[in-house]
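In what follows, a single structure is set out as structure tokens and then discussed.
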């Protein structure tokens, strides 16, 4: 296996200007030891024609699949990767080219199974940096140390408190994973899970890793994109969440971490209730009737009921507190009115 980096970039109908920025950031001059796998997950032919024109650099391979979801695309990327190291980049995000170049040029110095880097969010030209609780020159591969990382991953960066996490250690990007380590432990993305599947994958990665290192280098820019799937109306999201949390509970029991990660689990459940509230039951595009009754039934069952009773989310500002109050009591009509007022004010 070649000691270079394979970058796996799943693509599905991403705005071309964002993907162009992503690709340009990766195609650093004079760095031959990288491979970029663009996995087109069944985009319409109009997108594919443009992709073929864009992916002409010899370091880029374009693979086309029938539409099956990001997990399938990532798994194909892992299988097809020729490099010793694998990293993932979302097609609407981009990397710090200078940092990426330095990492690629010094890849021989990396010794762990998992190498973590820093990053932050990018919105309207403004960057907000993550602040990490991890330290450089320290191996987080032992069981007690890796649980701290898994807690952060499962809680979407909410735990431990006091740090800014614009994206968490539960995301597959902003990391290098040794391919032989992935293969030896038969690690894959769960193709039957359509929500937060990356968190399940990364928890398995951390659990099996013998050596985990952190590098305080700003590598990754997560683009806060209003057109992203994370903002769109998602009918059926509550069903996807049921599947995710059931799989997560099974995983924690299997690893013997049900107690150690119980708080992180409940924090994540409570946080995702808010996502369901906004993106499924009370999204402005929703035409479903009887949404409040359906929502109240949803939060009245486990694990959502217990998470709301424990209320472990850190106390936020007035806006966050109001939102949590609306979520907890199912006041969706009030939320939608406030949402419309906010949109009107922003015009």
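Residue numbers (my numbering): 2 to 348.
Glycine included, each C-beta is placed from N, C-alpha and C at the ideal position.
All values derive from a computational prediction rather than experimental measurement.
Quick check: what's the CA-CA separation for residue i versus residue j?
i	j	result
residue 60	residue 193	31 Å
residue 2	residue 48	Because residue 2 sits at a pLDDT of 48, beneath the cut-off of 50, its placement in the model cannot be relied upon, and the point is left open.
residue 223	residue 9	16 Å
residue 1	residue 75	Here the chain has residues from 2 to 348 only, and residue 1 is not among them.
residue 21	residue 181	30 Å
residue 185	residue 288	48 Å
residue 233	residue 133	29 Å
residue 124	residue 130	12 Å
residue 324	residue 336	8 Å
residue 218	residue 122	14 Å
residue 313	residue 57	50 Å
residue 254	residue 156	17 Å
residue 26	residue 90	11 Å
residue 236	residue 4	43 Å
residue 67	residue 318	44 Å
residue 344	residue 12	30 Å
residue 161	residue 150	9 Å
residue 6	residue 35	5 Å
residue 72	residue 138	32 Å
residue 128	residue 96	12 Å
residue 54	residue 32	21 Å
residue 64	residue 17	17 Å
residue 50	residue 136	45 Å
residue 146	residue 256	15 Å
residue 112	residue 225	33 Å
residue 291	residue 210	47 Å
residue 341	residue 208	44 Å
residue 306	residue 346	35 Å
List the residues that DSSP assigns as beta-bridge partners of residue i.
i	result
residue 116	177 and 214
residue 62	38
residue 219	119
residue 12	41
residue 129	122
residue 86	6 and 179
residue 95	222
Throw me the rounded Cβ distance for the residue i and residue j pair, which I believe falls under 8 Å.
i	j	result
residue 94	residue 174	7 Å
residue 220	residue 101	6 Å
residue 296	residue 282	4 Å
residue 70	residue 269	21 Å between Cβ atoms; not a contact.
residue 23	residue 92	6 Å
residue 308	residue 274	7 Å
residue 45	residue 159	Not really, about 37 Å apart at Cβ, beyond 8 Å.
residue 183	residue 87	7 Å
Looking at C-alpha atoms only, which residue of the options is the closest neighbour of residue i?
i	options	result
residue 212	177, 190 and 270	177
residue 190	78, 319 and 297	78
residue 126	268, 19 and 284	19
residue 310	129, 162, 203 and 264	264
residue 172	160, 153 and 184	153
residue 15	43, 4 and 36	43
residue 187	196, 195, 206 and 170	206
residue 85	40, 312, 179 and 341	179
residue 38	257, 81 and 98	81
residue 350	307, 278 and 304	With the chain covering 2 to 348 only, the question about residue 350 has no answer from this structure.
residue 83	62, 98, 290 and 215	62
residue 148	274, 291, 50 and 204	204
residue 276	321, 248 and 341	321
residue 272	304, 88, 346 and 339	304
residue 285	257, 260, 339 and 262	339
residue 103	216, 250 and 306	216
residue 214	170, 261 and 52	170
Using 8 Å as the limit for Cβ to Cβ distance, is residue i near chain B?
i	result
residue 308	The chain labelled as chain B is not found in the depicted structure, where only one protein chain is given.
Looking at residue i and the ligand ADP, is the gap between the Cβ and the nearest heavy atom below 7 Å?
i	result
residue 245	In the structure on display, the ligand ADP does not appear, and there are no ligands present to speak of.
**Request:** Pair every Cβ in the region 231-249 with every Cβ in the region 140-147, then say whether three or more of these pairs are closer than 8 Å.
**Result:** No, the region 231-249 does not touch the region 140-147.
**Prompt:** Is the region 193-204 in contact with the region 116-123, if contact means three or more CB pairs nearer than 8 Å?
**Reply:** Per the Cβ contact rule, the region 193-204 is not in contact with the region 116-123 (fewer than 3 Cβ pairs under 8 Å).
**Prompt:** Touching or not, the region 319-339 and the region 289-308, by the rule of three or more beta carbon pairs under 8 Å?
**Reply:** The region 319-339 makes contact with the region 289-308, as at least three CB pairs between them are under 8 Å.
**Prompt:** Pairing CB atoms from the region 96-109 with CB atoms from the region 157-166, are three or more of them under 8 Å?
**Reply:** Contact fails: fewer than three Cβ-Cβ distances are below 8 Å.
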